[in-house]
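Participant: Can you read through this structure? Questions will come right after.
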Ligand code: TRP
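Residue numbers (the numbering used here): 20 to 348.
Listed below in structure tokens is the structure:
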């Protein structure tokens, strides 16, 4: 059994790409490991959200994760800003994080060139806060995608440096973690690339059926196959990738055969795909809409998650303080 931890950025709605790329795995991991999942609302402050948006997006994320199957009885689900031990560990780790390595971080360099009017210290030390998130529970496995590899490597460096400076073997060196099966990369509906909020090609778990239908019917295709067993072009292949995750094998075979013998009508394929996406998302969407109204339940989830997370976090921080040399008078 591993200690698994992942932080969830509080921006935007969850879409099918998030679900099949990550959440489905979190849902399985919570059955087998000690899992900490949290909403990274401190991290979201780097872009200065308005106060009313900060809470709204945190609530939305919480609701969508619960509706997708994260079970607060099986994992520890909490909000970063409810755990004061995290910013304290962040402060301590900052003392041994060097300007050079922080400036060399790819995400920092990208942000620096994209939002040159707001290069704040929080952005520079984002990887230190992320290391604090992970090390506060001494987690060893972090289920994140490629884009977070470098941050994880920096966490390992900070952990190893702490151990070396104080001559201890205290922090583990966390590594990326995927559930046994291959992660499915969900493509967008605009012909290429992967599904993403910023790409504007996403089907959200909370989308109403008519919205889903409209988005799917607008998906890019091609002129159709003209010879049997023709190689599929990217946009059509993408539709089949989606079909494979939401439809039955019979449905997939049916349309694959039709493609191969050139009798396929993309309109029929899209209609089926939309129906099957709607069948898949409807129970989740209903849960989202119900949970949104149930503030008492959400408060219970967060209170309970906060208690569990703080129990673990305060133990680590107490030990870290001892190692560093803070003593009682
Ligand atoms: N940086 C992560 C992202 O952008 C979110 C995150 C914050 C995180 N703290 C973390 C992920 C700790 C894993 C572990 O997606």
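Heads up, the beta-carbon is just placed ideally off N, CA and C, and yes, glycines get one too.
Considering Cα atoms alone, identify which of 261, 240, 332 and 189 is closest to residue 342.
Facilitator: Answer by Cα proximity: 189.
Participant: When DSSP builds the beta bridges, which residues end up paired with residue 375?
Facilitator: Since the first and last residues shown for the chain are 20 and 348, residue 375 lies out of range.
Participant: Check whether the Cβ atoms of residue 78 and residue 292 lie closer than 9 Å to each other.
Facilitator: no
Participant: At the level of alpha carbons, what is the spacing between residue 276 and residue 247?
Facilitator: Rounded to the nearest angstrom, the two C-alpha atoms are 10 Å apart.
Participant: With DSSP collapsed to three states, give me the class of residue 96.
Facilitator: DSSP places residue 96 in strand when its eight states are reduced to three.
Participant: Exposed or buried, which one is residue 74 when buried takes at least 16 other CB atoms within 10 Å?
Facilitator: Around the beta-carbon of residue 74, fewer than 16 other beta-carbon atoms lie within 10 Å, marking it exposed.
Participant: Leaving aside the five residues before and after residue 192 along the sequence, list all residues of the same chain whose C-beta is less than 7 Å from its C-beta, in chain order.
Facilitator: Closer than 7 Å at the Cβ level, and outside the excluded window around residue 192, lie 175, 178 and 179.
Participant: Going by C-alpha distance, which of 60, 55 and 122 is nearest residue 138?
Facilitator: 122
Participant: Decide if residue 245 is buried, meaning its Cβ has at least 16 other Cβ atoms within 10 Å, or exposed.
Facilitator: Result: exposed.
Participant: How many angstroms separate the CA atom of residue 219 from the CA atom of residue 213?
Facilitator: 11 Å
Participant: Suppose the cutoff is 7 Å on Cβ atoms and the five residues either side in sequence are ignored; what does the same chain contact list for residue 108 look like?
Facilitator: 151, 154, 155, 336 and 339
Participant: Do the CB positions of residue 349 and residue 97 come within less than 9 Å of each other?
Facilitator: Because the chain is modelled from 20 through 348, residue 349 falls outside the range shown and cannot be assessed.
Participant: Keeping to the same chain, check which residues put their C-beta closer than 7 Å to that of residue 222; ignore five residues upstream and five downstream.
Facilitator: Once the five neighbours on either side are set aside, the close Cβ partners of residue 222 are 34, 35, 231, 234 and 296.
Participant: Short check: CB of residue 258 to CB of residue 238, under 9 Å?
Facilitator: yes
Participant: Tell me, please, which residues DSSP counts as bridged to residue 162.
Facilitator: Its beta-bridge partners do not exist; DSSP assigns none.
Participant: Tell me whether residue 99 is buried or exposed, calling it buried when 16 or more other Cβ atoms sit within 10 Å of its Cβ.
Facilitator: buried
Participant: Got a sec? Which residues, its chain only, sit under 7 Å from residue 93 by beta carbon, not counting five neighbours each side?
Facilitator: Taken in chain order, the residues that qualify are 49 and 50.
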